[in-house]
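Numbering (this note's numbering), first residue to last: 246 to 374.
All C-beta atoms, glycine included, are put in the ideal place defined by N, C-alpha and C.
Source: prediction; values computed, not measured.
This report refers to the structure that appears directly beneath it.
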Ligand SMILES: [Zn+2]
């Protein structure tokens, strides 16, 4: 089980394998995005990592028209959502399809970031073929 300083690396390695990796607190079992080095619920640094099944619900979203960089300007307008994964953590990601609050999504590592790194994207039911 990776230590706390390894959780973000585990997340990035998971993306390269096509898996959404998250952190699970060994003390209180809180689930959170793997970017944090401490449990945001109890403060311990005893974090392990798990692989999400990739099923979630859109908690909120926005349509970005004024993108923050040239890379994203080429994609605007695009949808950006907060997704509540079934394992109990929330993650922000792009959306394929027309999002709606409460809509079920499947997360796939199908996007690419500015440096060509693989990124999670939420796919609306029926959009992925
Ligand atoms: Zn905890």
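Original post:
So, helix, strand or coil for residue 267, using DSSP?
Top reply: The residue labelled residue 267 in the question sits at position 22 within the chain shown. The answer is strand: DSSP assigns residue 267 an E or B state.
**OP:** Would you identify the three-state DSSP class for residue 294, choosing helix, strand or coil?
**Re:** Looking up residue 294 in the chain shown gives position 49. Three-state DSSP puts residue 294 in a strand.
Original post:
Helix, strand or coil: which one does DSSP assign to residue 261?
Top reply: The residue you call residue 261 lines up with position 16 of the chain shown. Looking at residue 261 - three-state DSSP - the assignment turns out to be helix.
Original post:
Is there contact between the region 269-283 and the region 292-309, where contact requires at least three CB pairs shorter than 8 Å?
Top reply: yes
Original post:
Can the beta-carbon of residue 349 be found closer than 8 Å to that of residue 302?
Top reply: Within the chain shown, residue 349 is the residue found at index 104, counting from 1. Within the chain shown, residue 302 is the residue found at index 57, counting from 1. Yes, Cβ-Cβ distance for residue 349 and residue 302 is below 8 Å.
**OP:** Report the three-state DSSP secondary structure of residue 375 (helix, strand or coil).
**Re:** There is no way to answer for residue 375, as the model of the chain reaches only from 246 to 374.
Original post:
Can we count residue 289 as close to ligand 1, meaning its CB is less than 7 Å from some heavy atom?
Top reply: The residue given as residue 289 occupies position 44 in the chain shown. The answer is yes for residue 289.
**OP:** Alpha carbon to alpha carbon, how far is residue 288 from residue 249? Give it in angstroms, no decimals.
**Re:** Locating residue 249 in the chain shown gives position 4, where the first residue counts as 1. Locating residue 288 in the chain shown gives position 43, where the first residue counts as 1. Caution is warranted here: a pLDDT of 45 is assigned to residue 249, below 50, making its placement in the model unreliable, and the coordinate value is therefore given only provisionally. Answer to the nearest angstrom: the Cα atoms are 11 Å apart.
Original post:
What are the residues that DSSP puts in a beta bridge with residue 324?
Top reply: To locate residue 324, count along the chain shown from 1; it is residue 79. Paired residue(s): 308.
Original post:
Measuring from the CB of residue 310, is there a heavy atom of ligand 1 at a distance below 7 Å?
Top reply: On the chain shown, position 65 is the one that residue 310 refers to. No; taking the cut-off as 7 Å, the Cβ of residue 310 has no heavy atom of ligand 1 nearer than that.
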